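Here is the structure we will look at, set down as structure tokens.
There are 2 protein chains.
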Amino acid sequence: MEAMTTASVDAVADQDRKGPGRPRSARADEAIIEAVLDLLSAGQSADALSIEAVAAKAGVGKATIYRRWPNKEALLIDAVTTMKGPVPEPAGVSVRDDLVALIAGMRTKRMHHYGKVTACLLPELVKGEEMHKVYQAGVVEPRRDVMRGVLRRGIESGELRADLDVELTLLMLSGPAIAQNMLRWNPAVPDEGFAEHLVDAILRGARP
Amino acid sequence: MEAMTTASVDAVADQDRKGPGRPRSARADEAIIEAVLDLLSAGQSADALSIEAVAAKAGVGKATIYRRWPNKEALLIDAVTTMKGPVPEPAGVSVRDDLVALIAGMRTKRMHHYGKVTACLLPELVKGEEMHKVYQAGVVEPRRDVMRGVLRRGIESGELRADLDVELTLLMLSGPAIAQNMLRWNPAVPDEGFAEHLVDAILRGARP
Numbered sequence: 043m044e045a046m047t048t049a050s051v052d053a054v055a056d057q058d059r060k061g062p063g064r065p066r067s068a069r070a071d072e073a074i075i076e077a078v079l080d081l082l083s084a085g086q087s088a089d090a091l092s093i094e095a096v097a098a099k100a101g102v103g104k105a106t107i108y109r110r111w112p113n114k115e116a117l118l119i120d121a122v123t124t125m126k127g128p129v130p131e132p133a134g135v136s137v138r139d140d141l142v143a144l145i146a147g148m149r150t151k152r153m154h155h156y157g158k159v160t161a162c163l164l165p166e167l168v169k170g171e172e173m174h175k176v177y178q179a180g181v182v183e184p185r186r187d188v189m190r191g192v193l194r195r196g197i198e199s200g201e202l203r204a205d206l207d208v209e210l211t212l213l214m215l216s217g218p219a220i221a222q223n224m225l226r227w228n229p230a231v232p233d234e235g236f237a238e239h240l241v242d243a244i245l246r247g248a249r250p
Numbered sequence: 043m044e045a046m047t048t049a050s051v052d053a054v055a056d057q058d059r060k061g062p063g064r065p066r067s068a069r070a071d072e073a074i075i076e077a078v079l080d081l082l083s084a085g086q087s088a089d090a091l092s093i094e095a096v097a098a099k100a101g102v103g104k105a106t107i108y109r110r111w112p113n114k115e116a117l118l119i120d121a122v123t124t125m126k127g128p129v130p131e132p133a134g135v136s137v138r139d140d141l142v143a144l145i146a147g148m149r150t151k152r153m154h155h156y157g158k159v160t161a162c163l164l165p166e167l168v169k170g171e172e173m174h175k176v177y178q179a180g181v182v183e184p185r186r187d188v189m190r191g192v193l194r195r196g197i198e199s200g201e202l203r204a205d206l207d208v209e210l211t212l213l214m215l216s217g218p219a220i221a222q223n224m225l226r227w228n229p230a231v232p233d234e235g236f237a238e239h240l241v242d243a244i245l246r247g248a249r250p
């Protein structure tokens, strides 16, 4: 987990999860994050989300939240980072399989939940440049960079064309998944086999 | 469409009340729609948007709005439809040129404005099934169907593979534009030449 504001505390929380006797504060943190995600996935916009509502839902006092997160923006970014889980590690055997695994990871069974949360966060993301930057650096770029690494490896190994536009290809792989997660843009495209079909269609134009 | 000043719209509304003046009421409608779009593109979430705020910004009374739109959802859908403009008509010469024109139309100079508006509308779209259906039928499907027509024509003419997955290709063309408009997902992909590069990359795998 690489949230900027609370990285060290997150590391502690990660260690906590391994042992049985977890401190009360880690449980409270989890309840707070879970409350944020529940409210956002229920269609509450990040704009309208109040610290009061989060505190009430998590069963903690407002002060507990403010002790841990300086403001709502930091809490929102931490909640999304938690939701996304750890940055995936590709197996590194075939470029096709790695890309399929990465795209399938964006479209898990919880994708609808994810999409709703991201959708409800969007007004905050487009309103402030600062929030957009933090979101890009903390949430988007670490995952995009894993996929970038797979594409670069494919160019080196000759599985992909030497002149492939890597940045455009990243967008071509992720954009369709984002549009389906957030907007259910094309209901005629089945979820079943989504990652395989998308990756194969893109690879058809990306092979040497 | 330029936003009217509050003063000019007040005058319009006054005249509207006195005389028949249908074109004048049409101008009030425009001011109302423009007010919705301005509020959304400023980062106001559709959730938090009130009819009071729209009325105040448009310089009309709330009753003027309710006479025309039964509820906020209907007003939001009308605003987005207006923003999108008429459904585009492809030239019908080459499939490549038609697709480039359609994608470029999604990424105009106002794209940032569009993206912000759509982003701020998303919480409403994911919250209610009804709103999502109306948005799909009124905004998404008419445009998607134009692009679908271009792809089918390409298959018939032999410009595209006979076994092309049309629905997936629609998503592969639109998803990257949506992700850039709404999230500025990959800042490393330049806006300049976006439509050409994307269409050519997809056609590379879609040709016979």
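Those protein sequence lines, which keep their order, are chains A and B.
Residue numbers for the first sequence follow the numbering used here, beginning at 43 and rising by one.
Residue numbers for the second sequence follow the numbering used here, beginning at 43 and rising by one.
The C-beta atom is built at its ideal place from N, Cα and C for all residues, glycine as well.
Remember, it's a predicted structure, so these values are computed and weren't measured experimentally.
In terms of residue numbering, what span does the alpha helix (DSSP H) encompassing residue i cover?
i	result
B:Ser-136	No alpha helix (DSSP H) holds B:Ser-136; DSSP gives it neither H nor E.
B:Pro-232	Element bounds for B:Pro-232: n/a, residue is neither H nor E.
A:Glu-76	66-83
B:Leu-118	114-126
A:Pro-184	183-199
B:Arg-325	Here chain B covers residues 43 to 250 and nothing more, so residue 325 of chain B does not appear.
A:Arg-226	Segment: none, A:Arg-226 is in no alpha helix (DSSP H) and carries neither H nor E.
B:Val-102	B:Val-102 -> no alpha helix (DSSP H), and no H or E assigned at all.
B:Val-176	171-177
Among the options, whose alpha-carbon lies nearest the alpha-carbon of residue i?
i	options	result
A:Glu-172	A:Val-78, A:Arg-203, A:Leu-210 and A:Ile-119	A:Ile-119
B:Val-142	B:Pro-250, B:Leu-240, B:Gly-247 and B:Arg-249	B:Leu-240
B:Lys-126	B:His-155, B:Arg-109 and B:Tyr-108	B:His-155
A:Lys-99	A:Leu-225, A:Ile-74 and A:Leu-167	A:Ile-74
A:Asp-205	A:Lys-114, A:Ala-248 and A:Asp-89	A:Ala-248
B:Asn-113	B:Ala-88, B:Val-188, B:Glu-72 and B:Asp-187	B:Ala-88
B:Ile-244	B:Gly-134, B:Leu-213, B:Val-102 and B:Ala-116	B:Leu-213
B:Ala-90	B:Glu-115, B:Ala-133 and B:Gly-103	B:Glu-115
B:Ile-93	B:Arg-138, B:Arg-246, B:Trp-111 and B:Gly-134	B:Trp-111
A:Val-135	A:Ala-179, A:Arg-195, A:Lys-175 and A:His-174	A:Arg-195
B:Asn-223	A:Val-168, A:Glu-131 and A:Thr-211	A:Val-168
Chain B beta carbons: is any one of them nearer than 7 Å to that of residue i?
i	result
A:Ile-93	no
A:Arg-194	no
A:Asn-228	yes
A:Gly-217	yes
A:Val-231	yes
A:Met-148	no
A:Asp-187	no
A:Gly-247	yes
A:Ile-220	yes
A:Ala-77	no
A:Ala-243	yes
With a cut-off of 7 Å, does the C-beta of residue i fall near any C-beta of chain A?
i	result
B:Arg-190	no
B:Ala-161	yes
B:Leu-141	no
B:Ile-119	no
B:Asp-52	Caution is warranted here: a pLDDT of 42 is assigned to B:Asp-52, below 50, making its placement in the model unreliable, and the coordinate value is therefore given only provisionally. Answer no: the Cβ-Cβ gap between B:Asp-52 and chain A never drops below 7 Å.
B:Glu-172	no
B:His-239	yes
B:Pro-130	no
B:Leu-212	yes
B:Asp-89	yes
B:Ala-49	Confidence at B:Ala-49 is low in this model, with a pLDDT of 43, below 50, so its placement is unreliable and the value that follows should be read with caution. Answer no: the Cβ-Cβ gap between B:Ala-49 and chain A never drops below 7 Å.
B:Glu-209	yes
Could you tell me which chain B residues have their CB closer than 7 Å to the CB of residue i, listed as they occur along the chain?
i	result
A:Lys-169	Gly-85
A:Lys-104	Within 7 Å Cβ-Cβ: nothing; A:Lys-104 doesn't reach chain B, min ~21 Å.
A:Met-125	Under the 7 Å cutoff, chain B gives no residues; its nearest Cβ is about 15 Å from A:Met-125.
Taking all protein chains shown into account, do 16 or more other C-beta atoms lie within 10 angstroms of the C-beta of residue i, making it buried, or fewer, making it exposed?
i	result
A:Val-129	exposed
A:Arg-66	exposed
A:Phe-236	buried
A:Gly-217	buried
A:Asp-233	exposed
A:Glu-166	buried
B:Ala-70	buried
B:Glu-76	buried
B:Asp-187	exposed
A:Gly-191	exposed
A:Val-231	buried
B:Arg-149	buried
A:Val-181	buried
A:Gly-157	buried
Cβ of residue i within 6 Å of any heavy atom in the ligand FAD?
i	result
A:Pro-65	This structure lacks the ligand FAD; in fact it carries no ligand of any kind.
Could you name the residues of chain B that residue i contacts, counting a contact when the two beta carbons are closer than 8 Å?
i	result
A:Gly-157	Val-168
A:Leu-164	Ala-161, Cys-162, Leu-164, Pro-165, Met-224 and Leu-225
A:Ile-145	Simply none; closest approach about 12 Å.
Determine the chain B residues that contact residue i at a beta-carbon separation under 9 Å, and present them in chain order.
i	result
A:Val-182	Leu-225, Trp-227 and Asn-228
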